[in-house]
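Visitor:
Residue numbers (our numbering): 2 to 63.
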């Protein structure tokens with residue numbers, strides 16, 4: 002896991018989720034809690050064809 006890259010991706014997800022859903026995520030927790038990260042990524046995956054979906058995939062690869 003590339004921590005810096007994952008942090009940048011999580012930061013971007015946070016901004017987009019705030020705009021889309023009006024809620025933020027704990028970006029530090031995304032890096033340390035696998036179950037929390039999974040849940041956030043599933044929410045992002047549900048936004049088919051959006052930047053959120055693409056970011057979720059990038060986070061998994063990083």
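Yeah, the Cβ is synthetic: ideal placement off N, Cα and C, and Gly gets one too.
1) Ignore the nearest five residues each way along the sequence and tell me which others in residue 56's own chain have a CB closer than 7 Å to its CB.
2) How is the alpha helix (DSSP H) around residue 54 delimited, first residue to last?
3) Under DSSP, the alpha helix (DSSP H) around residue 40 begins and ends at which residues?
4) I need the DSSP call for residue 27, collapsed to helix, strand or coil.
5) Pull up the CB-CB distance for residue 53 and residue 21, whole angstroms please, since I reckon it's below 8 Å.
6) Under three-state DSSP, which class holds residue 14?
Guide: Reading from the atomic positions:
1) 10, 13, 14, 45
2) 52-62
3) 35-46
4) coil
5) 7 Å
6) helix
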